[in-house]
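**Q** So the sequence shown is residues 1 to 235, counted in UniProt numbering. Glycine included, C-beta positions come from ideal geometry on N, C-alpha and C. My questions all concern the structure below.
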Amino acid sequence: MITTIAFSAFIVASCVWMGKRVIADHRAALAQRRGLLDEAASLFSNARISFAADHFPILIGRIEDGRQAKIELIADTMVTRRLPQLWLRVTLSEAGERRGPTIGALARPTGAEYYSLVHEMPEWMTPPATDASLLMRGDGRATAWQIERVSAMFRGLFADPAVKEAVISPRGSRVIRQAAQGERGAHLLLRQIRFPATAISPDLVRKGVAEAAALSRTLATRDAAPAAYDEVAYG
1 MITTIAFSAF IVASCVWMGK RVIADHRAAL AQRRGLLDEA ASLFSNARIS
51 FAADHFPILI GRIEDGRQAK IELIADTMVT RRLPQLWLRV TLSEAGERRG
101 PTIGALARPT GAEYYSLVHE MPEWMTPPAT DASLLMRGDG RATAWQIERV
151 SAMFRGLFAD PAVKEAVISP RGSRVIRQAA QGERGAHLLL RQIRFPATAI
201 SPDLVRKGVA EAAALSRTLA TRDAAPAAYD EVAYG
């Protein structure tokens, strides 16, 4: 009888300890998640950070020419036979809406990319030849030379397998690239989403902004040289 009571008490105590440990680990993971873009904030003037419903940070700031950059993190768990992906989404907004088409490309499309703008575009286009399969679409307003220039840009951009999506539009440009991959053990054994990153490198954010800026220059003038990933000036 005493042995049974002692064993039951041990089980209860163990469950209480495990519950407290799970809560503490969850709180620590959320705190770490919320600080992922703290270092990158120093790249921008008037930088401010808010938080999405999943506690991932959203960084908004301005580069030196006054354009607004929005930096977001997207946890993608939709593809079941792949480890979770943490995507870095960089959106560079133009000071005012420009004339021109919307064209985008998505690497290795599965149809589950809920964050993709390319899936929403009505016109299919022949993508450039790259090592990765590409879905290229637009809004139907692009001329032949615009398609040619953007295709050349995409060919170089998607040579980097970390790039997932790129879009150029009259209101701005966007690049999505891999920031981290989920921990295999946590995903396979516990079905948890854990990313090993403790901070998103400012260099990675700087690279994403430079790529978005290069996209915005691609259709600036018909006779301009192909856009390059020049260093972007930050405020």
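#1: Say whether the region 160-179 touches the region 85-105, bearing in mind that this needs 3 or more beta-carbon pairs closer than 8 angstroms, one atom from each stretch.
#2: Just reading off the alpha helix (DSSP H) that G66 is part of, what are its end residues?
#3: Would you mind sorting residue 236 into buried or exposed? The rule is 16 or more other CB atoms within 10 Å of its CB.
#4: Which whole runs of the alpha helix (DSSP H) in the region 112-196 are 4 residues long or more, in chain order?
#5: Verify the CB distance criterion: does L43 have a CB-CB separation below 9 angstroms to chain D?
#6: Considering G208, what are the terminal residues of the alpha helix (DSSP H) in which it resides?
#7: When the Cα atoms are used, what is the spatial distance from R206 to L43?
#8: Check the DSSP bridge columns for L73 and list the partner residues they point to.
#9: How would you call S173, buried or exposed, if buried means at least 16 neighbouring beta carbons within 10 angstroms?
#10: To the nearest angstrom, report how far apart residue 266 and A159 are at their CA atoms.
#11: Mapping DSSP to helix, strand and coil, what is R34?
#12: Mind checking whether A69 and I60 have CB atoms under 9 angstroms apart?
#13: Nearest-angstrom Cα distance between H119 and R137?
#14: How big is the Cα-Cα spacing for A112 and W145?
#15: For the candidate residues A52, D65, A162, D54, whose alpha-carbon lies nearest to that of S45?
#16: Within its chain, find whatever has a CB closer than 6 angstroms to the CB of S151; leave out the 5 residues flanking it on each side and keep chain order.
#17: Since F56 and L73 are thought to touch, with beta carbons under 8 angstroms apart, how far apart are those beta carbons, to the nearest angstrom?
#18: Where does A41 fall in DSSP's three states?
#19: Closest to P109 by CA distance: which of W124, S133, A179 is it?
#20: Under the DSSP definition of a beta bridge, which residues are partnered with L106?
#21: Could you say which of W87, Y114, V163 lies nearest to M78 if we only look at CA atoms?
#22: Within 10 Å of its beta-carbon, does G208 have 16 or more other beta-carbons around it, so buried, or fewer, so exposed?
#23: Helix, strand or coil for L59? Go by DSSP, reduced to three states.
**A** Taking the geometry as given:
#1: Yes: at least three Cβ pairs fall under 8 angstroms.
#2: Looking at the DSSP string, G66 is not in any alpha helix (DSSP H), and its letter there is neither H nor E.
#3: Nothing in the structure corresponds to residue 236, since the chain is present only between 1 and 235.
#4: Unbroken alpha helix (DSSP H) stretches of 4 residues or longer found wholly inside the region 112-196: 144-157, 184-190, given in chain order.
#5: Among the protein chains of the structure shown there is no chain D, as only one such chain exists.
#6: Taken as a continuous stretch (DSSP letters only), the alpha helix (DSSP H) holding G208 covers 202-217.
#7: CA-to-CA, the gap between R206 and L43 works out to about 8 angstroms.
#8: DSSP output for L73 lists L88 as bridge partner(s).
#9: Note on S173: 16 or more other CB atoms within 10 angstroms of its CB, so buried under the neighbour-count rule.
#10: Given a span of 1 to 235 for the chain in the structure shown, any question on residue 266 remains unanswerable.
#11: Secondary structure of R34 (DSSP, three-state): helix.
#12: In contact: A69 and I60 (Cβ atoms closer than 9 angstroms).
#13: C-alpha separation (whole angstroms): 8 angstroms.
#14: Each residue's Cα considered, the two are about 31 angstroms apart.
#15: In this structure, D65 is the residue among A52, D65, A162, D54 with its C-alpha nearest to the C-alpha of S45.
#16: In chain order, P128 place their CB closer than 6 angstroms to the CB of S151, counting only its own chain and leaving out the 5 sequence neighbours on each side.
#17: Between F56 and L73 the beta-carbon gap is near 4 angstroms, inside 8 angstroms, which marks them as a contact.
#18: Here A41 sits in helix by DSSP.
#19: Minimum Cα distance to P109 is reached at S133.
#20: Per DSSP, the beta bridge partners of L106 are L135, E165.
#21: Distances from the CA of M78 to each of W87, Y114, V163 were compared; the closest alpha carbon is that of Y114.
#22: So G208 counts as buried.
#23: Collapsing the DSSP output to three states places L59 in a strand.
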